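Participant: Starting off with a structure, shown below.
Residue numbers (the UniProt record's numbering), protein chains in the order written: chain A, 1 to 320; chain B, 1 to 320.
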């Protein structure tokens with residue numbers, strides 16, 4: 001289907017926006033927290049049941065009103081159960097959002113698979129898609145059709161539900177990478193949901209997604225880590241960093257990102273990441289050669305090409 | 001002298017701020033334009049006489065009120081002469097600011113040297129200092145004592161006087177790299193001037209400056225150029241760039257910088273730049289190896305170190 005067809009491609013109308021009785025939120029970190037808060041602000045969900053491997057995150061998510069009820073396990077965010085702390089029944093989730101480090105995906109999906117309701121929409125938010133799908137197929141079994149792999153192109157260099165806000169996704173792109181098995185119902189529902197949150201929805205294959213984001217996301221992070229590592233590691237590094245202006249600060253902003261999350265991303269997409277790293281090193285050596293041999297004209301021409309490419313990116317999306 | 005001693009280290013007082021009758025502005029681009037506008041806004045100069053190799057820049061500088069009078073040559077911004085267009089006498093500059101691509105420094109200094117008044121303060125704004133000083137010594141002769149090599153740590157990725165504003169330098173650092181021959185009078189005057197514009201003034205040797213900025217400024221620019229070059233140069237590059245989020249945009253913002261300016265900087269400081277590029281490539285290969293061999297623990301530790309170093313940079317200076 002063409003995600004840009006149909007009435008719901010215009011700014012979301014009440015008609016186009018879906019509504020969910022219960023969001024099962026697995027992973028109460030930055031992304032999970034932003035998703036729950038955005039759904040609540042948009043009035044798209046009645047009740048949020050959340051789980052996180054770290055009890056402190058659950059406490060904070062409750063305190064901040066990100067989730068309405070804490071679940072003792074991931075499965076309890078998905079299935080029906082009775083909450084003995086207050087004797088209330090939990091109906092079970094019609095929307096399940098997985099926001100955990102990608103390396104935890106398979107284990108979590110195995111744990112929740114038996115409890116996923118037949119009509120529930122299940123999404124992840126992983127920055128890599130090939131590995132998530134490879135983990136989901138065996139783990140989800142017959143529920144694989146409910147799964148819509150998703151990647152919202154939004155984040156912060158600060159991790160944790162403490163930094164969550166309802167606006168993170170507004171105006172951003174969300175990539176959906178449906179599989180053969182993905183049912184069109186959940187897929188269309190997922191597209192409507194993200195559009196209702198103010199996102200532009202794109203469909204890609206997992207392979208095309210992983211190649212693209214190795215280049216425009218994973219490589220820049222790897223470079224930012226390496227740049228900080230290289231400069232800070234030199235004897236005078238700390239003094240030098242004291243002199244850094246906005247150029248260095250912007251170039252390395254994403255180096256402050258969550259180490260566990262980025263360890264997983266770089267490993268999960270390692271083939272594409274290493275290919276992009278090699279490409280970058282080739283380009284860098286080409287610049288080095290022009291500098292070493294003082295080929296001013298060729299150096300200026302190559303800088304001018306890069307400068308023009310970057311300038312072309314400014315404009316409507318420049319603020320992203 | 002210790003630039004941080006004396007009454008003028010506090011926020012500039014009327015007493016501490018110097019006053020100039022005539023600024024001779026050589027190079028009416030972004031930096032020259034910002035300097036003239038800042039001096040005018042601070043009420044530190046009566047009259048600005050400007051020259052630029054490009055007549056269009058002179059016209060725009062006049063039109064924007066960056067300069068009050070156009071000079072037919074660089075020497076006319078410095079020495080006394082009669083303006084035949086209106087019969088007025090130009091007294092000569094007591095402040096001379098050189099804001100041209102570093103490669104033009106020697107020729108310009110040779111042209112103005114005979115006209116520099118004995119008590120005039122001469123400053124440049126080059127991003128490299130060793131080459132500027134090497135060019136200045138033979139060019140300036142006995143006036144070398146008037147020269148205070150300066151590097152304001154501020155800029156924009158947009159070139160030209162059209163983007164000049166009076167606030168660019170406020171709250172930024174300015175590095176002064178005095179030589180043996182630099183007289184203490186002009187040096188102290190330069191420090192007071194920059195503090196009066198809201199800058200923090202530091203003194204360093206040209207060698208220490210060039211090593212530091214190769215790491216925290218020239219290398220990040222080189223990396224940004226190489227990253228744009230590498231990604232945009234691949235077959236699917238244009239499609240991929242369409243998906244780029246804020247991480248890629250921030251990492252490559254400085255890639256849109258002026259090609260001529262950066263050609264000159266990378267060549268002028270090539271020894272230090274190439275050394276930093278080699279260091280960076282070493283660090284990058286180290287990350288690649290950890291990724292290739294899936295050494296999750298060591299990879300996370302190395303990312304965590306970079307992340308902590310970058311997080312440490314945030315704070316009061318975080319906004320720079």
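By construction, the Cβ of each residue, glycine as well, lies at the ideal position given by its N, Cα and C atoms.
All of these numbers come straight from a predicted model, not from anything done at the bench.
By the criterion of Cβ-Cβ separation under 8 Å, what are the contact partners of residue 203 of chain B in chain A?
Facilitator: One-based indexing of the second chain puts residue 203 of chain B at position 203. Simply none; closest approach about 12 Å.
Participant: Note down, in chain order, each residue of its chain lying with its Cβ closer than 6 Å to the Cβ of residue 110 of chain B, except the 5 sequence neighbours on either side.
Facilitator: In the second chain, the residue the question calls residue 110 of chain B occupies position 110. If we look at residue 110 of chain B and ignore the five residues flanking it on each side, its Cβ neighbours are 139.
Participant: Taking C-beta pairs closer than 8 Å, name the residues in chain B that residue 225 of chain A reaches, listed in chain order.
Facilitator: Working through the first chain from its first residue, we reach residue 225 of chain A at position 225. In chain order: 287, 302, 303, 306 and 307.
Participant: Over the uninterrupted beta strand (DSSP E) stretch that includes residue 97 of chain B, give me the two end residues.
Facilitator: By 1-based counting over the second chain, the position of residue 97 of chain B is 97. Element bounds for residue 97 of chain B: 95-98.
Participant: Would you mind reading off the limits of the beta strand (DSSP E) that contains residue 203 of chain B?
Facilitator: In the second chain, counting from the first residue as 1, residue 203 of chain B sits at position 203. Run containing residue 203 of chain B: 200-203, per the beta strand (DSSP E) assignment.
Participant: Could you tell me which whole alpha helix (DSSP H) segments of length 4 or greater appear in the stretch 254-305 of chain A?
Facilitator: Correct list: 259-268 and 270-292.
Participant: Could you say which of B/244, B/19, B/207 and B/259 lies nearest to residue 132 of chain B if we only look at CA atoms?
Facilitator: Counting from one through the second chain, the residue named residue 132 of chain B turns up at place 132. Checked all of B/244, B/19, B/207 and B/259; the closest Cα to residue 132 of chain B is B/207.
Participant: With a threshold of 8 Å between beta carbons, is residue 263 of chain A in contact with chain B?
Facilitator: Here residue 263 of chain A refers to the residue found at position 263 of the first chain. Output row for residue 263 of chain A: interface = yes.
Participant: For residue 44 of chain B, count the other beta carbons within 10 Å of its own beta carbon; 16 or more makes it buried, fewer makes it exposed. Which is it?
Facilitator: For this step, residue 44 of chain B is matched to residue 44 along the second chain. It is buried - the Cβ of residue 44 of chain B has at least 16 other Cβ atoms within 10 Å.
Participant: Straight-line CA distance for residue 34 of chain A to residue 221 of chain B?
Facilitator: Counting from 1 along the first chain, the entry for residue 34 of chain A is found at position 34. Counting from 1 along the second chain, the entry for residue 221 of chain B is found at position 221. Roughly 33 Å separates the two Cα atoms.
Participant: For residue 256 of chain B, collect the residues of the same chain with a Cβ closer than 8 Å to its Cβ; drop the 5 residues on either side in sequence, then sort them by chain order.
Facilitator: Reading the second chain from its first residue, position 256 is the one you call residue 256 of chain B. Excluding residues within five positions, the ones whose Cβ falls inside 8 Å are 157 and 158.
Participant: Going by CA-CA distance only, name the one from B/245, B/300 and B/32 that's closest to residue 216 of chain A.
Facilitator: Start at 1 with the first residue of the first chain, and residue 216 of chain A comes out as number 216. Here the closest residue by C-alpha is B/245.
Participant: Can you tell me whether DSSP reads residue 83 of chain A as helix, strand or coil?
Facilitator: Taking the first residue of the first chain as position 1, residue 83 of chain A is located at position 83. Residue 83 of chain A: strand per DSSP, three-state reduction.
Participant: Assign residue 175 of chain A to one of three DSSP states: helix, strand, or coil.
Facilitator: In the first chain, counting from the first residue as 1, residue 175 of chain A sits at position 175. In this structure, residue 175 of chain A counts as strand in the three-state DSSP scheme.
Participant: Quick check on residue 46 of chain B: does DSSP put it in helix, strand or coil?
Facilitator: Residue mapping note: residue 46 of chain B aligns to position 46 of the second chain, counting from 1. Three-state DSSP puts residue 46 of chain B in a strand.
Participant: Does the Cβ-Cβ distance between residue 196 of chain A and residue 56 of chain A come in under 8 Å?
Facilitator: Start at 1 with the first residue of the first chain, and residue 196 of chain A comes out as number 196. Start at 1 with the first residue of the first chain, and residue 56 of chain A comes out as number 56. No, the pair does not count as a contact, with Cβ atoms beyond the cut-off.
Participant: Using 10 angstroms around the beta-carbon of residue 243 of chain B, count the other beta-carbons present and answer buried if the total reaches 16, otherwise exposed.
Facilitator: In the second chain, counting from the first residue as 1, residue 243 of chain B sits at position 243. Classification for residue 243 of chain B: buried.
Participant: For residue 152 of chain B, which of helix, strand or coil comes out of DSSP?
Facilitator: What you label residue 152 of chain B is simply residue 152 of the second chain in a count that begins at 1. Residue 152 of chain B falls in the strand class under three-state DSSP.
Participant: Alpha carbons only, please: which of B/277, B/286 and B/299 is nearest the one belonging to residue 289 of chain A?
Facilitator: As a first step, residue 289 of chain A is located in the first chain; it is residue number 289 there, counting from the start. Of the candidates B/277, B/286 and B/299, the one whose C-alpha sits nearest the C-alpha of residue 289 of chain A is B/277.
Participant: Quick check: is the beta carbon of residue 169 of chain A nearer than 8 Å to any beta carbon in chain B?
Facilitator: Reading the first chain from its first residue, position 169 is the one you call residue 169 of chain A. It does not: the Cβ of residue 169 of chain A has no partner Cβ on chain B nearer than 8 Å.
Participant: Roughly how many whole angstroms lie between the Cα atoms of residue 127 of chain B and residue 227 of chain B?
Facilitator: For this step, residue 127 of chain B is matched to residue 127 along the second chain. For this step, residue 227 of chain B is matched to residue 227 along the second chain. Those two C-alpha atoms are separated by around 22 Å.
Participant: Would you call the stretch 96-103 of chain B and the stretch 256-265 of chain B in contact, with 3 or more CB pairs under 8 Å?
Facilitator: Yes: at least three Cβ pairs fall under 8 Å.
Participant: Of all Cβ atoms in chain B, is any one closer than 8 Å to the Cβ of residue 234 of chain A?
Facilitator: In the first chain, the residue the question calls residue 234 of chain A occupies position 234. So, interface residue.
Participant: What residues in the stretch 244-273 of chain B bring their beta carbon closer than 9 Å to a beta carbon of chain A?
Facilitator: Residues 244, 245, 246, 247, 248, 249, 250, 251, 252, 253, 254, 255, 256, 257, 258, 259, 260, 262, 263, 264, 266, 267, 270 and 273.
Participant: Spatial neighbours of residue 193 of chain B within its chain, please: C-beta separation below 6 Å, excluding the five flanking residues on both sides.
Facilitator: Reading the second chain from its first residue, position 193 is the one you call residue 193 of chain B. Result list for residue 193 of chain B: 18, in chain order.
Participant: For residue 117 of chain A, does the count of other Cβ atoms within 10 angstroms reach 16, so buried, or fall short, so exposed?
Facilitator: The sequence position of residue 117 of chain A within the first chain is 117, counting from 1. Per the 10 Å Cβ criterion, buried.
Participant: Thinking C-beta only, is residue 218 of chain B closer than 8 Å to residue 175 of chain B?
Facilitator: Along the second chain, read from residue 1 onward, the residue named residue 175 of chain B stands at position 175. Along the second chain, read from residue 1 onward, the residue named residue 218 of chain B stands at position 218. No. Outside cutoff.
Participant: Helix, strand or coil for residue 160 of chain B, going by three-state DSSP, please let me know.
Facilitator: The count along the second chain starts at 1 and reaches residue 160 of chain B at position 160. DSSP places residue 160 of chain B in coil when its eight states are reduced to three.
Participant: Check whether the Cβ atoms of residue 280 of chain B and residue 223 of chain B sit closer than 8 Å, and answer yes or no.
Facilitator: The residue you call residue 280 of chain B lines up with position 280 of the second chain. The residue you call residue 223 of chain B lines up with position 223 of the second chain. Yes; because the gap between Cβ atoms is below 8 Å, this pair is in contact.
Participant: Around the Cβ of residue 146 of chain A, are there at least 16 other Cβ atoms within 10 angstroms (buried) or fewer (exposed)?
Facilitator: What you label residue 146 of chain A is simply residue 146 of the first chain in a count that begins at 1. Under this definition residue 146 of chain A is a buried residue.
Participant: Less than 8 Å separating the beta-carbons of residue 23 of chain B and residue 39 of chain B?
Facilitator: Start at 1 with the first residue of the second chain, and residue 23 of chain B comes out as number 23. Start at 1 with the first residue of the second chain, and residue 39 of chain B comes out as number 39. Yes.
Participant: Quick check: residue 50 of chain A and residue 67 of chain A, are their CB atoms within less than 8 Å of each other?
Facilitator: By 1-based counting over the first chain, the position of residue 50 of chain A is 50. By 1-based counting over the first chain, the position of residue 67 of chain A is 67. Yes. Within cutoff.
Participant: Along chain B, which residues have their Cβ under 7 Å away from the Cβ of residue 277 of chain A?
Facilitator: Here residue 277 of chain A refers to the residue found at position 277 of the first chain. Result: 284 and 288.
Participant: So what's residue 328 of chain B in DSSP terms, helix, strand or just coil?
Facilitator: Outside the shown range of chain B, which is 1 to 320, sits residue 328 of chain B, and nothing can be said about it.
Participant: Classify residue 242 of chain B as helix, strand or coil using the three-state DSSP reduction.
Facilitator: Within the second chain, the letter at position 242 stands for residue 242 of chain B. Looking at residue 242 of chain B - three-state DSSP - the assignment turns out to be coil, as it is neither helix nor strand.
Participant: For a contact meaning CB atoms closer than 8 Å, what does residue 220 of chain A contact in chain B?
Facilitator: Locating residue 220 of chain A in the first chain gives position 220, where the first residue counts as 1. Under the 8 Å cutoff, chain B gives 227, 247, 248, 251 and 252.
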